[in-house]
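Colleague:
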Amino acid sequence: MGEMPVSKTAAKREARICEILECAEKHFSIKGFHGAGISGIAADCGISVGHLYHYFGSKDELIQAVVKLEMGRQEESIAAFEDLSPENLRIEMAELTTTIFSNDKEPFRTVLNFEILAEAQRNPDVAAIMQHHDAQMRRRFMSILRRAGIDDPETRTELIFTIFSGLSARALRHPEQERATLLEVIQDVILKILGDKPVTSDAACD
514 MGEMPVSKTA
524 AKREARICEI
534 LECAEKHFSI
544 KGFHGAGISG
554 IAADCGISVG
564 HLYHYFGSKD
574 ELIQAVVKLE
584 MGRQEESIAA
594 FEDLSPENLR
604 IEMAELTTTI
614 FSNDKEPFRT
624 VLNFEILAEA
634 QRNPDVAAIM
644 QHHDAQMRRR
654 FMSILRRAGI
664 DDPETRTELI
674 FTIFSGLSAR
684 ALRHPEQERA
694 TLLEVIQDVI
704 LKILGDKPVT
714 SDAACD
């Protein structure tokens, strides 16, 4: 019969890697990066520890892969804003604020991000991955603001990212907060950061 075609072999390997990462995310979210064990992750995937190490050479390598996956998801979320008009950008940013502020559908993702932040404090490799993706996200969002004719995109991007990064932390610290009232204020702040009257590309050329 011979060997499987390379494309099928690669697809099978990719599927297995995705399965391992999904299991690892779940275990890391529940038990933390250092509380979760490779044996538990492997068992959840239905494979042996040795088989898992065939794909990831060490637990640190698996942790870094999970961090890259989550950071990549966040970076790709910027793509939804890249072709919007200035006015639609404001509308979508207001809706994103609502989504981030009231998203209880995937609580493990919030936990995972807190775990990544904690790990970045003690693991320079994880810190480097996180900072690389954050820089990429800032560059992409600044380009979006520039195309929308919004001035000082660097400062505005940093302000918006800072607000969004703090929402989950505040909800954890103060779960009884008046979320509806606070959401309205935060949306207003985000829109003010974007500017009351965004300048279109045509107007910018006049």
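Heads up, the sequence shown is in our numbering, so the first residue is 514 and it goes up one at a time.
For each residue, glycine too, the CB sits at the ideal point set by N, CA and C.
All values derive from a computational prediction rather than experimental measurement.
Assuming the contact rule is C-beta atoms closer than 8 Å, I676 and I642 should be a hit. Round their C-beta distance to whole Å, please.
Modeller: For the purposes of this step, residue 676 is taken as residue 163 along the sequence shown, with counting starting at 1. For the purposes of this step, residue 642 is taken as residue 129 along the sequence shown, with counting starting at 1. The pair is not a contact, with the Cβ atoms about 23 Å apart (cut-off 8 Å).
Colleague: Which ranges would you report for the alpha helix (DSSP H) in the region 519 to 563 if only whole runs of at least 4 residues count?
Modeller: Listed in chain order, the complete alpha helix (DSSP H) runs (minimum 4 residues) inside the region 519 to 563 are 519 to 544 and 551 to 558.
Colleague: Assuming contact is defined by CB atoms lying nearer than 8 Å, are F541 and L630 in contact in what I supplied?
Modeller: Against the sequence shown, residue 541 aligns to sequence position 28. Against the sequence shown, residue 630 aligns to sequence position 117. No. Outside cutoff.
Colleague: Quick check: what's the CA-CA separation for A672 versus I706?
Modeller: Your numbering for residue 672 matches position 159 in the sequence shown. Your numbering for residue 706 matches position 193 in the sequence shown. It should be pointed out that residue 672 corresponds to Leu in this sequence rather than to Ala. Answer to the nearest angstrom: the Cα atoms are 8 Å apart.
Colleague: Once the 5 residues before and after M606 are set aside, which same chain residues still bring their CB inside 8 Å of it?
Modeller: For the purposes of this step, residue 606 is identified with residue 93 of the sequence shown, where counting begins at 1. Contacts found: F594, I673, I703, L704 and L707.
Colleague: Would you decide whether T670 is buried or exposed? Buried here means 16 or more other CB atoms lie within 10 Å of its CB.
Modeller: For the purposes of this step, residue 670 is taken as the residue at position 157 of the sequence shown. T670 is buried by the Cβ-count criterion.
Colleague: Which of the three DSSP states, helix, strand or coil, is assigned to L597?
Modeller: Taking the sequence shown and counting its residues from 1, one reaches residue 597 at position 84. Three-state result, L597: coil.
Colleague: If contact is defined by three or more beta carbon pairs under 8 Å, each pair taking one atom from either stretch, is the region 655 to 669 in contact with the region 566 to 575?
Modeller: Touching, no, given that fewer than three Cβ pairs across the two stretches are closer than 8 Å.
Colleague: Only counting the same chain, and skipping five residues up and downstream in sequence, which positions put a Cβ closer than 8 Å to that of C718?
Modeller: Within the sequence shown, numbered from 1, the residue matching residue 718 stands at position 205. Note that C718 scores 42 on pLDDT, short of 50, meaning its location in the model is unreliable and no value can be drawn from it.
Colleague: Only counting the same chain, and skipping five residues up and downstream in sequence, which positions put a Cβ closer than 6 Å to that of R660?
Modeller: Locating residue 660 in the sequence shown gives position 147, where the first residue counts as 1. So the list is empty, once near-sequence residues are dropped.
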